[in-house]
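Colleague:
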Amino acid sequence: MNDLDLVQDLRSEVRQSDLRTLHGARERLLTAMVPAPPPRRSRPMVPRLLGVGALGLSIVVGVTVLQGLDGTDSREGTVSTPVWAPAASVKSLAERASTAAAKVVDVYPRADQWLYTKGIGYQARQKGTSKAGKRWTHELWQKGDGKGRARRYSDETTGKNAPLATGTPSGSSDAPRWDVAYLRSLPLDPAALLKRLRKDGENPSDRPDLPEAWMLFRDVKLILQEGAPPPRLRAALYTVVSELEGIGIEEKVKDLAGREGVGIYLDRGDGTRHEVIVDPKSYAYLGGREIFVGGGTQAPHSTHSTNGQYAEDDVIIAWAQVARGIVDHAGDLP
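Heads up: the sequence shown begins at 140 in this note's numbering, then just goes up one per residue.
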């Protein structure tokens, strides 16, 4: 057999392709030859809310550790740049906080230990008066059993420093509780927590004419400011306020310490807006503000009247929580 006969015999063993098969193969070949488009580069966004990570407290029995409010050990002395990601509402923020907090365990001081917090405050000068604005530093120690409390104030405006004052928490039924023992008793389920806060805040004698939404927001705001709750309880409190009528959100606001966060606010009805500022990465409570927005329909209820004293968007009071830790004695620092 010569070479030509061999080629003809081999060809006869191969299945012959019809025109439809050849056309399909041609299309697949042409498609494969088209270069893939370059990966799409996303442009920087200025979204409604921010992305976050979990805040954990590192506390070892017998050893006191102070953790930064951004979730890092304060001894490192660094704070990373906030990472912002879209969130449409306070509910979205609360959901993210709950997801992050589920990865950690809430830690409270033992009955014989103390929770330490440090904050800085500011009150604006009232226009048309000789009363000057003021700044101060406030340190608070709360005993783990809820039966002891100590405070120390430093007036930065006058330079006067008050000595450490100790005592027991007030037993007033009108004032919302925020001591360690009370916070430890609160349920972490948001529905149960809302029910408990409603029960504990029934029939307040200080302002019975105010709507329930405001009274609940006030109580949560005070718990965050004074009680410094750990991550899981804090996330549950965010969920509670996310359901309140009139609750709003403001992106990229700064607390008194200059840290950027997101504001959760509620208008009080007397021309003032009250705001809780949340860290963009750890969901920690950073601080709060009271802002004059005008247009109130109710009489102001505070130590100062807002009528004619402030311009629209003036910050009346600002507060920032700058330290939190567990110590062994009142007056100790982490």
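The beta carbon of each residue, even a glycine, is placed where N, CA and C say it ideally should be.
Does DSSP put Pro473 in a helix, a strand or coil?
Modeller: Numbered from 1 along the sequence shown, position 334 holds the residue referred to as residue 473. In the structure shown, Pro473 sits in coil (DSSP, three-state: anything other than H, G, I, E or B).
Colleague: Among all the DSSP beta bridges, which residues are the ones paired with Leu279?
Modeller: To locate residue 279, count along the sequence shown from 1; it is residue 140. Paired residue(s): Thr256, Arg290.
Colleague: Helix, strand or coil for Ile403? Go by DSSP, reduced to three states.
Modeller: Translated into the one-based positions of the sequence shown, residue 403 becomes position 264. In the structure shown, Ile403 sits in a strand (DSSP, three-state: E or B).
Colleague: Quick check: what's the CA-CA separation for Tyr377 versus Pro369?
Modeller: Counting from one through the sequence shown, the residue named residue 377 turns up at place 238. Counting from one through the sequence shown, the residue named residue 369 turns up at place 230. Cα to Cα, the separation comes out at about 12 Å.
Colleague: State the Cα-Cα distance for the pair Leu361 and Trp317, rounded to the nearest angstrom.
Modeller: Along the sequence shown, read from residue 1 onward, the residue named residue 361 stands at position 222. Along the sequence shown, read from residue 1 onward, the residue named residue 317 stands at position 178. So the alpha carbons of these two residues sit roughly 7 Å apart.
Colleague: Identify which residue in Gly470, Arg337, Gly260, Arg335 has its Cα closest to the Cα of Gly426.
Modeller: The residue labelled residue 426 in the question sits at position 287 within the sequence shown. The shortest C-alpha separation from Gly426 is found at Gly260.
Colleague: Is the beta carbon of Leu363 closer than 8 Å to that of Tyr424?
Modeller: Mapped onto the sequence shown, residue 424 falls at position 285. Mapped onto the sequence shown, residue 363 falls at position 224. A contact, by the Cβ cut-off of 8 Å.
Colleague: Using the C-alpha atoms, what's the distance from Arg323 back to Met117?
Modeller: Nothing in the structure corresponds to residue 117, since the chain is present only between 140 and 473.
Colleague: Cutting at 8 Å between CB atoms, please list the residues of its own chain near Ala304, excluding the five before and the five after it.
Modeller: The sequence position of residue 304 within the sequence shown is 165, counting from 1. Excluding sequence neighbours, Ala304 sits near Ala289, Arg290, Arg291.
Colleague: Does the pairing of the segment 404–424 with the segment 278–287 give three or more beta-carbon distances under 8 Å?
Modeller: no
Colleague: When burial is assigned at 16 or more other CB atoms within 10 Å of the CB, is Ala330 buried or exposed?
Modeller: Here residue 330 corresponds to residue number 191 of the sequence shown, with the count starting at 1. Ala330 comes out exposed.
Colleague: Could you compute how far the alpha carbon of Asp328 sits from the alpha carbon of Trp458?
Modeller: Taking the first residue of the sequence shown as 1, we reach residue 328 at position 189. Taking the first residue of the sequence shown as 1, we reach residue 458 at position 319. If you take the alpha carbons of Asp328 and Trp458, they lie about 28 Å apart.
Colleague: Apart from the five residues just before and just after Lys257, which ones in its own chain have a Cβ nearer than 6 Å to its Cβ?
Modeller: Here residue 257 is taken as the residue at index 118 of the sequence shown, counted from 1. Closer than 6 Å at Cβ, skipping near neighbours: Glu278, Val461, Ala462.
Colleague: If you draw a straight line from the alpha carbon of Pro177 to that of Ser231, how long is it in whole angstroms?
Modeller: The residue labelled residue 177 in the question sits at position 38 within the sequence shown. The residue labelled residue 231 in the question sits at position 92 within the sequence shown. Reliability fails at Pro177, whose pLDDT of 44 lies under 50, so the model's placement of it is uncertain and the value that follows must be treated cautiously. Cα-Cα distance, rounded: 33 Å.
Colleague: Would Thr380 and Gly400 qualify as a contact pair, given that the criterion is a beta-carbon distance under 8 Å?
Modeller: On the sequence shown, residue 380 is found 241 positions in, with the first residue counted as 1. On the sequence shown, residue 400 is found 261 positions in, with the first residue counted as 1. For clarity, residue 380 is Val in the given sequence; the question names Thr instead. In this structure, Gly400 does not lie closer than 8 Å to Val380 by Cβ.
Colleague: Using CA coordinates, which residue listed in Glu351, Val243, Arg235 is at the minimum distance from Lys334?
Modeller: For this step, residue 334 is matched to residue 195 along the sequence shown. When each option's Cα is compared against that of Lys334, the closest is Glu351.
Colleague: How long is the line joining the alpha carbons of Pro248 and Asp471, rounded to whole angstroms?
Modeller: Along the sequence shown, read from residue 1 onward, the residue named residue 248 stands at position 109. Along the sequence shown, read from residue 1 onward, the residue named residue 471 stands at position 332. Distance between the alpha carbons of Pro248 and Asp471 is about 14 Å.
Colleague: Report back the beta-carbon spacing between Arg428 and Ile456 to the nearest angstrom; my notes put them in contact at under 8 Å.
Modeller: For the purposes of this step, residue 428 is identified with residue 289 of the sequence shown, where counting begins at 1. For the purposes of this step, residue 456 is identified with residue 317 of the sequence shown, where counting begins at 1. Rounded to whole angstroms, the Cβ separation of Arg428 and Ile456 is 7 Å, and the two are in contact under 8 Å.
Colleague: Does the beta-carbon of Trp358 have 16 or more other beta-carbons within 10 angstroms, so that it is buried, or is it exposed?
Modeller: Start at 1 with the first residue of the sequence shown, and residue 358 comes out as number 219. Correcting the residue type first, residue 358 is Asp in the shown sequence and not Trp. It counts as buried.
Colleague: Under a Cβ-count criterion, where at least 16 other Cβ atoms within 10 Å of its own Cβ denotes burial, should Glu414 be classed as buried or exposed?
Modeller: Walking along the sequence shown from the start, residue 414 turns up at place 275. Flag for Glu414 reads buried.
Colleague: What does DSSP give as the partner residues of Glu414 in its beta bridges?
Modeller: As a position in the sequence shown, residue 414 is number 275, starting the count at 1. For Glu414, which the question treats as bridged, DSSP gives the partners Tyr404, Arg428.
Colleague: Please report how far the alpha carbon of Glu390 lies from the alpha carbon of Val432, in whole angstroms.
Modeller: Along the sequence shown, read from residue 1 onward, the residue named residue 390 stands at position 251. Along the sequence shown, read from residue 1 onward, the residue named residue 432 stands at position 293. Whole-angstrom Cα-Cα distance: 17 Å.
Colleague: Out of Leu336, Arg264, Asp467, Val243, state which residue places its alpha-carbon closest to the alpha-carbon of Thr296.
Modeller: Working through the sequence shown from its first residue, we reach residue 296 at position 157. The option with the nearest alpha carbon to Thr296 is Arg264.
Colleague: Beta-carbon separation of Trp253 and Ala469 under 8 Å?
Modeller: Working through the sequence shown from its first residue, we reach residue 253 at position 114. Working through the sequence shown from its first residue, we reach residue 469 at position 330. Yes, Cβ-Cβ distance for Trp253 and Ala469 is below 8 Å.
Colleague: Straight-line CA distance for Gly402 to Ser237?
Modeller: Here residue 402 refers to the residue found at position 263 of the sequence shown. Here residue 237 refers to the residue found at position 98 of the sequence shown. If you take the alpha carbons of Gly402 and Ser237, they lie about 17 Å apart.
Colleague: Quick check: what's the CA-CA separation for Asp251 versus Asp467?
Modeller: Stepping through the sequence shown from its first residue, residue 251 is reached at position 112. Stepping through the sequence shown from its first residue, residue 467 is reached at position 328. Near 7 Å, if we compare the C-alpha coordinates of Asp467 and Asp251.
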